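Per full-length UniProt numbering, the sequence shown runs over residues 1 to 190.
Backbone N, C-alpha and C define an ideal beta-carbon position, used for all residues, glycine too.
As the structure is a prediction and not an experimental result, all values here were calculated from the model.
Inspection log for the structure reproduced underneath, given as structure tokens.
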Amino acid sequence: MHLSLQKQITAIASFSENEIETIASCFEYEKFNAKEYLSSMGKISNKIFFILNGLARVYYLKDGKEITTYLSSDEGFIASYSSFINQTQSFENIQCIEDCEVLSITFEKMQFLYSEISNWERVGRILAEQNYLCMADRVLKLQMIPAKEKYQTFLASAPAKIIQRTPLIYIASFLGITPESLSRIRQDIS
């Protein structure tokens, strides 16, 4: 198993060497190019991705406009969780912002691990809880916090790679502000 994935899951729960080997066998290494899709709107999202190296975003379309809802980079998980959990068509796209190397696990293999390794349920629960908290926090911030404060919070909490390498148009969309407003805010705080 790749060391960074092992570190992430063993921070959540403990596993025997045999269990680690079983878990590792359920993940597949994949490479994607910048702009390529890990998952597409209208299709069932059948995988959760662990980014070994790269940068990706989740977005949906509203009135022909892309709305970024999540950004992830090295050692982060990314998925269209609602589609994955319910095995229904996704309303989101997951797109690589830059070339990505990932480890992916299918819905079927997640179910297999749930049935075979009791502590794996804890991993699934924690991932689902983190996803929920991220979404709830984002909704709250979009509705209640002024634009400048949203950006400052983003700068304080997002990984450096996301801040430095994500195009500003995606960051503005993620924060729920226009690119022009983001440019003014950046000028104000620099």
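Closest to Glu-66 by C-alpha separation, out of Glu-92, Thr-88 and Ala-56, would be which residue? Position 66 of the sequence shown holds residue 66. Selected option, being the one with the closest Cα: Glu-92.
Return the CA-CA distance between Gln-95 and Gln-187, expressed in angstroms with no decimal places. Here residue 95 is taken as the residue at index 95 of the sequence shown, counted from 1. Here residue 187 is taken as the residue at index 187 of the sequence shown, counted from 1. Going by the C-alpha atoms only, they are around 29 Å apart.
Could you check if Gly-54 is buried or exposed, using at least 16 other CB atoms within 10 Å of its CB as the buried criterion? Counted from its first residue, the sequence shown places residue 54 at position 54. Label assigned to Gly-54: buried.
Do Phe-107 and Phe-77 have their C-beta atoms closer together than 8 Å? Looking up residue 107 in the sequence shown gives position 107. Looking up residue 77 in the sequence shown gives position 77. No, they are not a contact pair.
Taking the continuous alpha helix (DSSP H) assigned at Asn-73, which residues delimit it? The residue given as residue 73 occupies position 73 in the sequence shown. Looking at the sequence shown, residue 73 is not Asn but Ser. Where Ser-73 is concerned, there is no enclosing alpha helix (DSSP H), although the beta strand (DSSP E) around it starts and stops at 65 to 73.
Rounded separation between Thr-22 and Ile-51 - CA only: Taking the sequence shown and counting its residues from 1, one reaches residue 22 at position 22. Taking the sequence shown and counting its residues from 1, one reaches residue 51 at position 51. So the alpha carbons of these two residues sit roughly 20 Å apart.
In angstroms, rounded to a whole number, what distance separates the CA positions of Ala-160 and Leu-103? As a working mapping, residue 160 is identified with position 160 in the sequence shown. As a working mapping, residue 103 is identified with position 103 in the sequence shown. If you take the alpha carbons of Ala-160 and Leu-103, they lie about 22 Å apart.
Is DSSP giving Gln-6 helix, strand or coil here? On the sequence shown, position 6 is the one that residue 6 refers to. If DSSP states are grouped into helix, strand and coil, Gln-6 belongs with the helices.
Beta bridge counterpart(s) of Ala-56 as assigned by DSSP: In the sequence shown, counting from the first residue as 1, residue 56 sits at position 56. Looking at the DSSP assignment, Ala-56 forms a beta bridge with Ser-72 and Cys-96.
To the nearest angstrom, how far is the alpha carbon of Ile-9 from that of Cys-26? For the purposes of this step, residue 9 is taken as the residue at position 9 of the sequence shown. For the purposes of this step, residue 26 is taken as the residue at position 26 of the sequence shown. Cα to Cα, Ile-9 sits roughly 14 Å from Cys-26.
Residues that DSSP places opposite Thr-106 in a beta bridge: Taking the sequence shown and counting its residues from 1, the one referred to as residue 106 is at position 106. Per DSSP, Lys-47.
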